[in-house]
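For the sequence shown, the residue numbers in our numbering are 3 to 369.
Glycine is no exception: its CB is placed at the ideal position from the N, C-alpha and C atoms.
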Amino acid sequence: MKFTCQRDIILKEISDAGDFTSQKTSQTILSSVYISLSGDSLTIKTTDQKMGFFSEITVMGNEDGSFAVMCDKLSEILKNLPASEILFEEKEEKLLISPLNSSIEFSLRMMDPSGFPEMDIPPYENFFKIPQKDMTDMINQVSFAVSDDETKFAMNGALFEKDYSGIIMVGTDGRRLSYINRKIATEIPDFGKITIPSRFLTIIKKHSLNEGDFDVCVTSQSLYVKSANCIIFSNLIKNEFPSYRRVIPEKQTYSCIVNIKALEEAIKRVSLLVESKYKKLIIEFSPSKLTLSTEHAEVGSGKEEIPCNYDGETQKSAVNYMYLLNPIRVMEGENVKIEFSENGRPFTVTPEPERDYLHVIMPMNLK
């Protein structure tokens, strides 16, 4: 095999491909990148057998062939080469890498590409379009609520299902829930509800330019997302996602409206003296005033009052401050509405005026 390519072009592909390799495996081939040349078309593939990456770029081909090399080593070499045309050449079972018209040369030991796992890509006609901005917005609204507790396997990802007018995405860890129902202008075929692993949500967001479309394909086992010249995919979480609809309160008794920026800044200040284990934030709702307070038994306490629009009875509750801070950080508009009923029942947190997403937070014990 022999070809030349601009460093920045192939570096981007190899760097992206590295997200799909496994460093903790006895199968060396799963830490490698598979590269195949046919004419001027270079195919790049990686997989850890849970997720995968496939891309095609145009290079100046000289001699067809295929090989596999350690992905992280190739990426590090490319990062440290000058931004110029790079010659890649196979010699004596090694890949030689050298910028044209320079004295720099690296060699990497090549592996037998026949041991690389098969990667089946669905036909393009099975894909449908979702605007990249909509996909990014949905991930932003729910990803922080996804559980990182490996014993709660069904909650280690976000629910993704078709609604009559678009797509629903939900994340929960059992103590909070985030929900968004985004209307999609393009036609979406029917598919069964799926659970997308949280790690893949992060990678999808990384590939988003917030403009144009993703081409998406849902199968019984995997989710495929196509952007520009690459396709990324992931196996789905098989366990049944919790029944989220019964968690969302149909009606709340009290409502408090407060400025998002003022609430965010106040939470960040008073949380400086929060107990790190429980992260308990005390919230007191009183007419026209919201009081936030924290206390650390060994250090001290913090307290701040901010104006709000609330005319109900004085109520006091406690929440994990991060459960409130996470959603308001990604909330659009100027104001947030916090709705609640009696003590011990969940809060509903929404932008004011309402949009297509909401967050549900279970309170903590006040004592």
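Cβ-based neighbour list, residue i, same chain, cut-off 7 Å, excluding 5 preceding and 5 following
| i | result |
| --- | --- |
| residue 91 | 4, 98 |
| residue 80 | 9, 12, 13, 16 |
| residue 89 | 6, 100, 102 |
| residue 19 | 35, 46, 48, 55, 73 |
| residue 205 | 21, 234 |
| residue 295 | 272, 284, 303, 304, 305 |
| residue 332 | 142, 143 |
| residue 25 | 33 |
| residue 138 | 207, 210, 212 |
| residue 203 | 141, 145, 160 |
Rounded separation between residue i and residue j - CA only
| i | j | result |
| --- | --- | --- |
| residue 190 | residue 129 | 9 Å |
| residue 326 | residue 142 | 15 Å |
| residue 1 | residue 66 | Nothing can be reported for residue 1, as the shown portion of the chain is limited to 3 through 369. |
| residue 133 | residue 62 | 33 Å |
| residue 240 | residue 49 | 19 Å |
| residue 106 | residue 96 | 16 Å |
| residue 243 | residue 145 | 15 Å |
| residue 262 | residue 64 | 59 Å |
| residue 210 | residue 220 | 18 Å |
| residue 335 | residue 186 | 21 Å |
| residue 69 | residue 37 | 6 Å |
| residue 166 | residue 182 | 14 Å |
| residue 260 | residue 126 | 47 Å |
| residue 169 | residue 301 | 46 Å |
| residue 160 | residue 200 | 7 Å |
| residue 175 | residue 247 | 15 Å |
| residue 198 | residue 216 | 16 Å |
| residue 179 | residue 147 | 6 Å |
| residue 163 | residue 238 | 13 Å |
The beta strand (DSSP E) enclosing residue i, as first and last residue numbers
| i | result |
| --- | --- |
| residue 258 | 256-261 |
| residue 232 | 232-237 |
| residue 8 | 4-8 |
| residue 49 | 43-49 |
| residue 283 | 282-288 |
| residue 363 | 359-363 |
| residue 346 | That residue, residue 346, is in no beta strand (DSSP E); it is neither H nor E in DSSP. |
| residue 304 | 302-309 |
| residue 295 | 291-298 |
| residue 276 | No beta strand (DSSP E) holds residue 276; DSSP gives it neither H nor E. |
Residue interval of the alpha helix (DSSP H) (run including residue i)
| i | result |
| --- | --- |
| residue 60 | Element bounds for residue 60: not the alpha helix (DSSP H) but the beta strand (DSSP E), 53-60. |
| residue 329 | 323-331 |
| residue 78 | 73-81 |
With 16 other Cβ atoms within 10 Å as the buried cut-off, status of residue i
| i | result |
| --- | --- |
| residue 27 | exposed |
| residue 369 | exposed |
| residue 289 | exposed |
| residue 158 | buried |
| residue 152 | exposed |
| residue 150 | exposed |
| residue 348 | buried |
| residue 299 | exposed |
| residue 255 | exposed |
Same chain, Cβ closer than 6 Å to residue i, neighbours up to 5 away in sequence not counted
| i | result |
| --- | --- |
| residue 352 | 339, 360 |
Residue i at chain D interface by Cβ criterion, 9 Å
| i | result |
| --- | --- |
| residue 354 | Among the chains of the structure shown, chain D does not appear; only one protein chain is present. |
Where are the beta strand (DSSP E) runs, 3 residues long or more, that stay fully inside the stretch 165-227, in chain order?
168-174, 178-185, 196-199, 215-220
Quick check on the DSSP output: what are the complete alpha helix (DSSP H) runs of length 4 or more inside the stretch 99-153, in order along the chain?
Within the stretch 99-153, the complete alpha helix (DSSP H) runs of at least 4 residues are 134-144.
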